[in-house]
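First the structure, in the form of structure tokens, and then the observations on it.
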Amino acid sequence: MIDARARELIGTVTFTWTSEPVSLRQVREYVAATGGRPEQWGDPGDPHAPVPTPPLFFHAACRPVVALADLLEDGQYPFLGVPGVRGRSMAGGQSYEILAPVRVGDVLTVRERLSSLSEKQGRSGPLVITETESEYTNGDDVLVARFRQTVIFR
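Numbers given in our numbering equal positions in the sequence shown, counted from 1, plus 1143.
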């Protein structure tokens, strides 16, 4: 399930994406989608006041928009995982570290690095466990967040 090219990627950046400038509308849509009150974001009295985003918004801002027809067979984004690792994906865990605020107007860049690959035998067959660490920076190259993720392929 792991070919040689996948092993060569350990320690390297496997995915990079730069967001569009964060808009107040994106923030309000995110807040509404996560059960919040979108009208509470932004200052109607001062449309130029800096607006911070919700703590985990950075992750959504750096996810490319993908057409339904372009999703993988298991419903995942085509860029999930590591080139050279095949199989259906399962979430294995994730953690976030928030280091600086993200505000409306920011442009974010994410760089995902493959930390490790391992294989093990599961009850239903072989498994490949991928661990990645993503760093998110703003337009001033300030590190705003880290995201660690484990994805299991079978």
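Ideal Cβ positions, reconstructed from N, Cα and C, are used throughout, including at glycine.
Alpha-carbon to alpha-carbon, residue j and residue i
i	j	result
L1242	P1207	22 angstroms
V1194	P1164	13 angstroms
P1197	V1287	13 angstroms
G1170	V1247	The residue asked about is misnamed: residue 1170 is Val in this sequence, not Gly. If you take the alpha carbons of V1170 and V1247, they lie about 8 angstroms apart.
R1229	T1280	30 angstroms
R1289	E1255	10 angstroms
Cβ neighbours of residue i in the same chain (closer than 8 angstroms, five flanking residues each side left out)
i	result
R1231	E1216, D1217, F1296 and R1297
W1160	C1205, R1206, P1207, T1252 and V1253
Status (buried if at least 16 other CB within 10 Å, exposed otherwise) for residue i
i	result
L1257	buried
T1155	exposed
Which listed residue (the options) has its alpha carbon closest to that of residue i
i	options	result
D1283	V1250, T1275, S1162 and R1289	V1250
P1244	Y1173, R1150 and V1285	V1285
A1210	A1203, Q1219 and Y1239	Q1219
R1148	M1233, E1262, V1225 and G1235	V1225
Other residues of its chain near residue i: CB distance less than 6 angstroms, five sequence neighbours each side excluded
i	result
L1214	none
Q1292	Q1237 and T1275
Nonlocal neighbours in the same chain, by C-beta distance under 7 angstroms from residue i, ignoring five residues either side
i	result
S1259	I1153 and E1274
*asked:* Could you tell me which whole alpha helix (DSSP H) segments of length 4 or greater appear in the stretch 1197-1265?
replied: 1200-1204
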